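Taking my numbering, the leading residue of the sequence shown gets 2, the next gets one more, and so forth. One structure is given here, and the rest of the page talks about it.
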Amino acid sequence: MKAIQYSEHGPADVMHYVDLPDPVAGPGQILVKLEAASVTPFDWKLRAGHLQNHFTLPMPSVPGRDGGGTVISIGDGVMEFKIGERVAVMAGVFAQGGYAEMIAVDEKHAVKIPDSLSTIDAVALTNAGLSAWIAVRTAEVKSGDKVLIHSGSGAVGGLLVQLCHHLGAHVTATCRSTNRDYVLGLGADRVVAYDEEDFSEILTDQDIVFELMGGEVHDKSYKVLKKGGHMVWLVADPIRDRGEEFGVKVTRAMITDDKSALQGMMDLAGAGLLKPQVARTMPLSEAAEAHRLMEKGAVSRGRLMLTM
Numbered sequence: 002m003k004a005i006q007y008s009e010h011g012p013a014d015v016m017h018y019v020d021l022p023d024p025v026a027g028p029g030q031i032l033v034k035l036e037a038a039s040v041t042p043f044d045w046k047l048r049a050g051h052l053q054n055h056f057t058l059p060m061p062s063v064p065g066r067d068g069g070g071t072v073i074s075i076g077d078g079v080m081e082f083k084i085g086e087r088v089a090v091m092a093g094v095f096a097q098g099g100y101a102e103m104i105a106v107d108e109k110h111a112v113k114i115p116d117s118l119s120t121i122d123a124v125a126l127t128n129a130g131l132s133a134w135i136a137v138r139t140a141e142v143k144s145g146d147k148v149l150i151h152s153g154s155g156a157v158g159g160l161l162v163q164l165c166h167h168l169g170a171h172v173t174a175t176c177r178s179t180n181r182d183y184v185l186g187l188g189a190d191r192v193v194a195y196d197e198e199d200f201s202e203i204l205t206d207q208d209i210v211f212e213l214m215g216g217e218v219h220d221k222s223y224k225v226l227k228k229g230g231h232m233v234w235l236v237a238d239p240i241r242d243r244g245e246e247f248g249v250k251v252t253r254a255m256i257t258d259d260k261s262a263l264q265g266m267m268d269l270a271g272a273g274l275l276k277p278q279v280a281r282t283m284p285l286s287e288a289a290e291a292h293r294l295m296e297k298g299a300v301s302r303g304r305l306m307l308t309m
C-alpha cells in the first residue's frame, strides 16, 4: 500500500510517500481500505518534535489520528462490523496512523458511518468531533449558559459552536473578521473579530470559555469569566493556571479515543443536526504540503483532508 512515513522529527520534508506492506486484521480487528484522513495540528506538532516531552514515537512512523473507508477484512472475534460497511476509525498515536491506503484497527476504535454522510464528511468529524464532544461534556454546557469559544472558524471550534448552539447556550465566538459570517452561520449568536477587537475588553460574565489558543489569549480569557465560571482548555502547550486568582474553575479536556463520544457526533451529524466542516481536500501524496499549510495557519473553516 501507499502511505506517508517519516523516520525522524523535523520539517515537513521528512515525510515521504512510500510503499509499505499491506496490514492484516488481527483478532478483534478490522482492516479498512481508507478513502480519507484528516490533517490536525497535533499531526504536524508531533512530526516537528514539539511534543517529545509528552510522546516518544516509534520510528519510522505513519502519521494521522483518524481515517475512514470500507471494511475489507475482519479478524477473529469481530462482532460489530461486516465486510463492505463504511466506518470511521480512531488511530492510536503509537500505532500506524491514517495517512495510508489501509489500516487495521481494533473494532472498539471504529464506528459505522451514517448513510446520510459522505466518508470525507464523517472523517472531518472524527478527531475534531472527539475533541469538541469531550470538551462540551467536560464543561457540562446547559441551556442558557453564556459560552465563549475561541477560534470559532477552526475544525474543533466550529463544532463547539454547533454543539453549544444545539444545547441552547448563548454562543459568542472569536475568529478573523473574514470568517464572521461563516461562524454566525454555524450558530454563533455573536462574533468578536480578533483582528478588529480585543474580546477581553468587551465581554464579561461568561459562564464557560473554551480555550483553544493558549498564550496571551488564555491569560486574557480569565477576565471575561464570571466568578465561579469554568475555563476548559484544549491546547497541547502548558498553561498558567490562574483559576484561584480569578475565582474560576480551570479544566483540561482530556481527549481520548472515546467510541461513545464519536458515536454521538456521528448520530447528530447523521440526523442533520451538525454540519461537517471540510476546508479543503488534497491527495495523500501531498501530505507534506498539507502540513506546511497547517503550520503557517493557512487553513480555517474546518479540516484539511487527505484523500486516497
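Beta carbons: idealized from backbone N, C-alpha and C, even for Gly. This structure is a prediction, so every number in the text was calculated from the model and none was measured.
For Asp14, which residues of its own chain have a beta-carbon under 8 Å away from its beta-carbon, when the five flanking residues on both sides are left out?
Ala289
Pick from Thr57, Leu58 and Asp116: whose alpha carbon is nearest that of Glu86?
Asp116
Among Ser178, Asn54, Ile104 and Val172, nearest to Val90 - alpha-carbon criterion
Ile104
Please state if the CB of Leu126 and the CB of Met232 are separated by a distance shorter than 8 Å.
no
Is Tyr10 near Ala49, with beta carbons less than 8 Å apart?
Tyr is not the amino acid found at residue 10; the sequence shown has His there. Result yes, Cβ atoms of His10 and Ala49 sit closer than 8 Å.
Determine the direct distance from the alpha carbon of Leu274 to that of Asp146, and round the result to whole angstroms.
20 Å
Under the rule that 16 or more other beta-carbon atoms within 10 Å means buried, what is Ile135, buried or exposed?
buried
Residues of its chain near Leu235, where Cβ-Cβ distance is below 8 Å and the 5 sequence neighbours each way are ignored
Ser132, Ala136, Val157, Phe211, Glu212, Leu213, Arg253, Ala254 and Ile256
In chain order, what residues of the same chain lie with their CB nearer than 6 Å to the CB of Val142, ignoring the 5 residues before and after it?
Cys165, Leu168 and Ala170
So Met283 is in the beta strand (DSSP E); what residue range does that whole segment cover?
Val279 to Pro284
With DSSP run on the structure shown, which of helix, strand or coil describes Glu290?
helix
Would you list the one or two residues that DSSP bridges to Lys34?
Thr71 and Met103
Tell me where the beta strand (DSSP E) around Tyr18 begins and ends.
His17 to Asp20
Keeping to the same chain, check which residues put their C-beta closer than 6 Å to that of His219; ignore five residues upstream and five downstream.
Glu212 and Ile240
In whole angstroms, give me the CA-to-CA distance for Val40 and Gln97.
15 Å
Inspect the beta-carbon positions of Tyr195 and Arg302 and report whether they are closer than 8 Å.
no
Can you pull the DSSP bridge partners for Gln207?
Leu226
Where does the unbroken beta strand (DSSP E) through Met266 begin, and where does it stop?
It is not in any beta strand (DSSP E) - Met266 instead sits in the alpha helix (DSSP H) that spans Lys260 to Gly271.
Quick check on this structure: which residue in Pro64, Lys83 and Ala299 has the alpha carbon closest to the alpha carbon of Ile73?
Lys83
So for Ala92, helix, strand or coil by DSSP?
coil
Starting from Lys3, trace the alpha helix (DSSP H) both ways and give me its first and last residue.
Note, Lys3: premise wrong, no alpha helix (DSSP H); beta strand (DSSP E) at Lys3 to Gln6.
Beta-carbon separation (whole angstroms), Gln278 vs Gly188, contact threshold 8 Å:
Actually they do not touch by this definition, with Cβ atoms about 12 Å apart.
Identity of the residue in Lys34, Glu245, Gly298 and Val63 nearest Ser8 by Cα:
Val63
Along the chain, where does the alpha helix (DSSP H) containing Val184 start, and where does it finish?
Arg181 to Leu187
Taking the beta strand (DSSP E) that Val251 falls in, what are its first and last residues?
Lys250 to Arg253
Burial state of Asp77 (16 or more Cβ within 10 Å):
exposed
In the DSSP assignment, find the unbroken alpha helix (DSSP H) run with Ile150 in it and report its ends.
Taken as a continuous stretch (DSSP letters only), Ile150 belongs to no alpha helix (DSSP H), being part of the beta strand (DSSP E) at Lys147 to Ile150.
DSSP beta-bridge partners of Glu212
Trp234
Beta-carbon spacing of Val124, Gln30 below 8 Å
no
Ignore the nearest five residues each way along the sequence and tell me which others in Met295's own chain have a CB closer than 7 Å to its CB.
Val40, Pro42, Trp45 and Leu305
Ends of the alpha helix (DSSP H) at Leu305?
That residue, Leu305, is in no alpha helix (DSSP H); its beta strand (DSSP E) goes Arg304 to Thr308.
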